[in-house]
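To keep things clear, I will list the structure first and then write my remarks on it.
Number of protein chains: 2
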Amino acid sequence: MTRQAPTLEDVAREAGVSRATVSRVVNGVRNVDPAIQDAVRTAIRSTGYAPNRAARSLVTRRAETIALVVSGAGDDSETEQNAFAARALADPFFGRVVSGVVGFLRPRSMYPVLMFAETEAARQQVVAYLRQGSADGALVFSTRAEDPLPALLASEGLPCALFARPLPQAPVSFVDVAHREGAQLAAEHLLGRGCRRIATVAGPLELPAAQDRLAGFRDTMARHGRPWIPVAEGRFTVDSGAAAMNRLLSEHPDIDGVFAANDLMAQGACEALRESGRRVPDDVAVIGFDDSSAALACRPPLTTVRQPVQEMAATMARLLQEQIEGIRTEPTSVVFDAELVIRDSA
Amino acid sequence: MTRQAPTLEDVAREAGVSRATVSRVVNGVRNVDPAIQDAVRTAIRSTGYAPNRAARSLVTRRAETIALVVSGAGDDSETEQNAFAARALADPFFGRVVSGVVGFLRPRSMYPVLMFAETEAARQQVVAYLRQGSADGALVFSTRAEDPLPALLASEGLPCALFARPLPQAPVSFVDVAHREGAQLAAEHLLGRGCRRIATVAGPLELPAAQDRLAGFRDTMARHGRPWIPVAEGRFTVDSGAAAMNRLLSEHPDIDGVFAANDLMAQGACEALRESGRRVPDDVAVIGFDDSSAALACRPPLTTVRQPVQEMAATMARLLQEQIEGIRTEPTSVVFDAELVIRDSA
DNA sequence: TTGAAAGCGCTAACAC
DNA sequence: GTGTTAGCGCTTTCAA
Chain A
12 MTRQAPTLED VAREAGVSRA TVSRVVNGVR NVDPAIQDAV RTAIRSTGYA PNRAARSLVT
72 RRAETIALVV SGAGDDSETE QNAFAARALA DPFFGRVVSG VVGFLRPRSM YPVLMFAETE
132 AARQQVVAYL RQGSADGALV FSTRAEDPLP ALLASEGLPC ALFARPLPQA PVSFVDVAHR
192 EGAQLAAEHL LGRGCRRIAT VAGPLELPAA QDRLAGFRDT MARHGRPWIP VAEGRFTVDS
252 GAAAMNRLLS EHPDIDGVFA ANDLMAQGAC EALRESGRRV PDDVAVIGFD DSSAALACRP
312 PLTTVRQPVQ EMAATMARLL QEQIEGIRTE PTSVVFDAEL VIRDSA
Chain B
12 MTRQAPTLED VAREAGVSRA TVSRVVNGVR NVDPAIQDAV RTAIRSTGYA PNRAARSLVT
72 RRAETIALVV SGAGDDSETE QNAFAARALA DPFFGRVVSG VVGFLRPRSM YPVLMFAETE
132 AARQQVVAYL RQGSADGALV FSTRAEDPLP ALLASEGLPC ALFARPLPQA PVSFVDVAHR
192 EGAQLAAEHL LGRGCRRIAT VAGPLELPAA QDRLAGFRDT MARHGRPWIP VAEGRFTVDS
252 GAAAMNRLLS EHPDIDGVFA ANDLMAQGAC EALRESGRRV PDDVAVIGFD DSSAALACRP
312 PLTTVRQPVQ EMAATMARLL QEQIEGIRTE PTSVVFDAEL VIRDSA
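Chain order of the listed sequences is A and B. In the working numbering, each number is its position in the first sequence, counted from 1, plus 11. In the working numbering, each number is its position in the second sequence, counted from 1, plus 11.
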């Protein structure tokens, strides 16, 4: 058996002071005699003391833990549930979100609890988890439209912050990128390099992000005298991007510029173009969106509209933290600028 | 302000019983009168009671939480630390590990806490986290050789289970796949389809997995009268696989079969072969390892050696859980069979 | 089968 | 500046 872990009491005895004093030193509360501080610290070292999180949480009423919830649509089968997790993590986007979140939390000695909410039962588990005080709040990364989770959390009064604006509007904080302006950058770049037959591979149009990117692209083209452009819809995956590109090519073989609403679809578009015997960017220029790892993995490397995902994710965590601490009481949104990253594909 | 959360006491009062009885009902302890059970359950519903995790943990001495640690090498810069997380999650392998772990934990209402341990400071944070009782044990997914974390956890007496055999041997449980036998399957398949000039792209040879795959491949080739085969080393990434393939081709342009030690490198090899004007599998057959999402994303889809990653990860979680519960006291290893999945590349 | 009561390890209000 | 003390909400003997 492992010997019993030392408690505050043990340290106090060792240092010849009271529990309260040790607690003050551990928590860095001022008004403690430097000499006593030293004695306490020595005792902490010699006993190998580590504060017990449960005991602390019980009195502070804080778990000092936040949940990172990947929300989406899925059916109830067990296979599907497991597949959902794998699929979500496979998205290069998600890695950067985690990275940004961890970048914010780690200096605070906090770590995210990873949860998946793709069914009603799973959503209820998330709510239960938070209501038990297992976590102080939730960061929600939604991969579907009409996600009921944000509104559910809001109605339960549970702190949360979202990555991207929720579609059924809900009174919760979120971060987002300026999709329309990002798409505008893409449109202007294609026009600027002289493309005449321009088309776009849109994302799933039930998602606000996909809608906004398409709208921004269309508006800009219209403002430049091109009121109508061919559109094919994909599902933000490589395969769907390739398929959409093929559909566009079959109807408009003379396309010389394409804006895909994310990098994965841009990658698929590049593959489809290559297989059709076209060169990128010489015959057709391609621009993606996100600047995810797929942009660099793609041949040729993608010119793309960059979202500062890590920074956005860190801000999302900060918004949540401020809400938990009661510093912030009203839902807040922070929208980041997009930026064009020019590589080889356009 | 949110109203105070209801406690056991509140439920007890509402149901007209004692705290102890409510606790028994909540925890499903037998010996409670069915009528009283009903009354208690009604009271739980009407009060909206949710058990407080901290209070429970304090007395049970269980966090009912486990850490999922991605361990690896990195420098101390903040940029690098964040990059590490993004890189780890970008590996298609990791998503399946998470998926398997979550598949085991979720039915138990547990969720993994995601931690990264790429520096000494980060490793100490992991140890501190466990010693505080924030988590009951750690699942370690190591991306480097000579990882000091397993031995560190073992020496602190902290429960842990690893994905893959640790290189500096440590007295900890782990799951693994039969790398040598898997490589043997690949070798035999290439030989069976008539390849005469066979080479291999090995993984980073400081990793036991890479060593074992190479050894298994070499041994099998030797047993079939080919004591020497060209080897180029990669780093388990697409780019390094392409580079390794190019090195092999420059010295042995007549290669007609390649075994890459993982799918990402196999994908890179396919790209390099295509760029050199060779067709896969007609001119050169390619076999990967893992059966990760990269195997399907690759053109052509990869014939590969499948590791049952999800099952392995679930077993790893089970080994840890049993250790935490004290059911299992000795370090245990479980090694899974590999399986050849035949697609188009060989 | 149920209740009373002790106590898990900690923080924080209050007294000194 | 430091100590005393009262809980935080729960599980778990022990008695009844």
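Glycine included, C-beta positions come from ideal geometry on N, C-alpha and C.
> Beta-carbon separation of B/L275 and B/G252 under 8 angstroms?
Replying inline: Your numbering for residue 275 of chain B matches position 264 in the second sequence. Your numbering for residue 252 of chain B matches position 241 in the second sequence. Closer than 8 angstroms, so yes.
>> So A/M126 contacts chain B; which residues on that side make the cut at Cβ distance below 7 angstroms?
In response: The residue labelled residue 126 of chain A in the question sits at position 115 within the first sequence. Correct list: Y122.
>> Does chain A have any CB closer than 8 angstroms to the CB of B/S304?
In response: Taking the first residue of the second sequence as position 1, residue 304 of chain B is located at position 293. Put simply, the CB of B/S304 is near chain A, with a gap under 8 angstroms to one of its CB atoms.
>> Closer than 8 angstroms between beta carbons: that is the criterion. Which residues of the segment 175–186 of chain A meet it against chain B?
In response: Taking 8 angstroms as the Cβ-Cβ cut-off against chain B, none of the residues of the segment 175–186 of chain A qualify.
>> Quick check on A/V113: does DSSP put it in helix, strand or coil?
In response: Here residue 113 of chain A refers to the residue found at position 102 when the first sequence is read from its first residue. Of the three classes helix, strand and coil, the one that applies to A/V113 here is helix, per DSSP.
> Which partner residues of A/D302 appear in the DSSP bridge assignment?
Replying inline: Start at 1 with the first residue of the first sequence, and residue 302 of chain A comes out as number 291. Answer by DSSP bridge pairing: none, since A/D302 is not bridged.
> If you count every other CB in all the chains shown that lies within 10 Å of the CB of B/P182, and 16 or more means buried, which is it?
Replying inline: Numbered from 1 along the second sequence, position 171 holds the residue referred to as residue 182 of chain B. B/P182 counts as exposed, since fewer than 16 other C-beta atoms from the protein chains shown sit within 10 angstroms of its C-beta.
> How many angstroms separate the CA atom of A/F5 from the CA atom of A/Q222?
Replying inline: Look at the range of chain A in this structure, 12 to 357, and you will see that residue 5 of chain A is not part of it.
> Buried or exposed: B/M12, going by 16 or more other Cβ atoms within 10 Å of its Cβ?
Replying inline: Looking up residue 12 of chain B in the second sequence gives position 1. Summary for B/M12: the model assigns pLDDT 41, below 50, so the residue's position carries little reliability, and this model does not support an answer.
> Whose CA, out of B/L259, B/F185, B/V297, lies closest to the CA of B/G330?
Replying inline: Here residue 330 of chain B refers to the residue found at position 319 of the second sequence. Just to set this straight, residue 330 of chain B is Leu in the shown sequence, not Gly. Nearest of B/L259, B/F185, B/V297 to B/L330, Cα basis: B/F185.
> Name the DSSP bridge partner or partners of B/A210?
Replying inline: Indexing the second sequence from 1 puts residue 210 of chain B at position 199. In DSSP, B/A210 forms a bridge with B/V269.
> To the nearest angstrom, how far is it from the Cα of B/V40 to the Cα of B/T53?
Replying inline: The count along the second sequence starts at 1 and reaches residue 40 of chain B at position 29. The count along the second sequence starts at 1 and reaches residue 53 of chain B at position 42. A straight-line Cα-Cα distance of about 17 angstroms links B/V40 and B/T53.
>> So if DSSP puts A/R317 in a beta bridge, which residue, or which two residues, is it bridged to?
In response: Here residue 317 of chain A is taken as the residue at index 306 of the first sequence, counted from 1. In the DSSP assignment, A/R317 forms a beta bridge with A/D301, A/E350.
> B/C371 lies in the alpha helix (DSSP H); which residues open and close that run?
Replying inline: Nothing about residue 371 of chain B can be read from this structure; chain B reaches only from 12 to 357.
>> Applying the 10 Å Cβ sphere with the 16-neighbour rule, what's the burial state of A/R72?
In response: Counted from its first residue, the first sequence places residue 72 of chain A at position 61. That one is exposed.
> Could you give the distance in angstroms between the alpha-carbon of B/D44 and the alpha-carbon of B/V28?
Replying inline: Indexing the second sequence from 1 puts residue 44 of chain B at position 33. Indexing the second sequence from 1 puts residue 28 of chain B at position 17. The alpha-carbon atoms of B/D44 and B/V28 are separated by roughly 12 angstroms.
>> What residue range does the beta strand (DSSP E) around B/E217 cover?
In response: Looking up residue 217 of chain B in the second sequence gives position 206. That residue, B/E217, is in no beta strand (DSSP E); it is neither H nor E in DSSP.
>> Under 8 angstroms, with one C-beta from each stretch per pair, do the segment 305–322 of chain A and the segment 14–25 of chain B reach the 3-pair mark?
In response: Counting Cβ pairs under 8 angstroms, fewer than three are found: no touch.
>> My output table needs one value for B/I77: the three-state DSSP class, helix, strand or coil.
In response: As a working mapping, residue 77 of chain B is identified with position 66 in the second sequence. Of the three classes helix, strand and coil, the one that applies to B/I77 here is strand, per DSSP.
>> Residues in the same chain with beta-carbon distance under 7 angstroms from B/Q15, minus the five sequence neighbours each way, listed in chain order, please.
In response: Within the second sequence, the letter at position 4 stands for residue 15 of chain B. Within the same chain, B/Q15 has no close Cβ partners at all.
> Hey, quick one: how far does the alpha helix (DSSP H) through A/V70 stretch, first residue to last?
Replying inline: Walking along the first sequence from the start, residue 70 of chain A turns up at place 59. Counting along the chain, A/V70 sits inside the alpha helix (DSSP H) bounded by residues 64–71.
> In terms of DSSP beta bridges, what is A/V124 paired with?
Replying inline: Position 113 of the first sequence holds residue 124 of chain A. The partner list for A/V124 (beta bridge, DSSP) reads A/A78, B/V124.
>> Between B/P215 and chain A, is any beta-carbon pair separated by less than 8 angstroms?
In response: Indexing the second sequence from 1 puts residue 215 of chain B at position 204. No, its Cβ sits nowhere closer than 8 angstroms to a Cβ of chain A.
> In angstroms, rounded to a whole number, what distance separates the CA positions of B/R107 and A/L100?
Replying inline: The count along the second sequence starts at 1 and reaches residue 107 of chain B at position 96. The count along the first sequence starts at 1 and reaches residue 100 of chain A at position 89. Between B/R107 and A/L100, the C-alpha separation is close to 8 angstroms.
> Quick one, which of A/A175, A/A165, A/I353, A/T90 has its alpha-carbon nearest A/F104's?
Replying inline: To locate residue 104 of chain A, count along the first sequence from 1; it is residue 93. When each option's Cα is compared against that of A/F104, the closest is A/A175.
> Among A/S344, A/D348, A/Y122, A/R354, which residue has its Cα nearest to the Cα of A/L173?
Replying inline: Here residue 173 of chain A refers to the residue found at position 162 of the first sequence. Among A/S344, A/D348, A/Y122, A/R354, the Cα nearest to that of A/L173 is on A/S344.
> Who does B/R173 pair with in a DSSP beta bridge?
Replying inline: Locating residue 173 of chain B in the second sequence gives position 162, where the first residue counts as 1. In the sequence as presented, Arg is not what sits at residue 173 of chain B; that position holds Leu. DSSP, once it has assigned bridges, lists B/V151, B/F185 as partnering B/L173.
> At a Cβ cut of 7 angstroms, what residues of the segment 202–214 of chain A count as close to chain B, listed as they run along the chain?
Replying inline: Answer set for the segment 202–214 of chain A: empty.
>> Within 8 angstroms, do at least three Cβ pairs link the segment 204–216 of chain B to the segment 262–282 of chain B?
In response: The segment 262–282 of chain B makes contact with the segment 204–216 of chain B, as at least three CB pairs between them are under 8 angstroms.
> Are the CB atoms of B/R208 and B/G268 nearer to each other than 8 angstroms?
Replying inline: Taking the second sequence and counting its residues from 1, one reaches residue 208 of chain B at position 197. Taking the second sequence and counting its residues from 1, one reaches residue 268 of chain B at position 257. The Cβ atoms of B/R208 and B/G268 sit closer than 8 angstroms to each other.
> Between which two residues does the beta strand (DSSP E) harbouring A/V242 extend?
Replying inline: Taking the first residue of the first sequence as position 1, residue 242 of chain A is located at position 231. It spans 242–244 - the beta strand (DSSP E) in which A/V242 sits, taken as one unbroken run.
> By the criterion of Cβ-Cβ separation under 7 angstroms, what are the contact partners of B/N63 in chain A?
Replying inline: Translated into the one-based positions of the second sequence, residue 63 of chain B becomes position 52. The answer, in chain order, is Q143, G144.
>> When you compare the CB of B/P311 with every CB in chain A, is at least one pair closer than 8 angstroms?
In response: Here residue 311 of chain B refers to the residue found at position 300 when the second sequence is read from its first residue. By this cut-off, B/P311 is not an interface position.
>> Let me see if you follow: with CB-CB separation under 8 angstroms, is A/V113 close to chain B or not?
In response: Translated into the one-based positions of the first sequence, residue 113 of chain A becomes position 102. Nearest CB-CB separation between A/V113 and chain B: below the 8 angstroms threshold.
> Taking C-beta to C-beta, are B/M327 and B/F347 nearer than 8 angstroms?
Replying inline: Indexing the second sequence from 1 puts residue 327 of chain B at position 316. Indexing the second sequence from 1 puts residue 347 of chain B at position 336. Not closer than 8 angstroms, so no.
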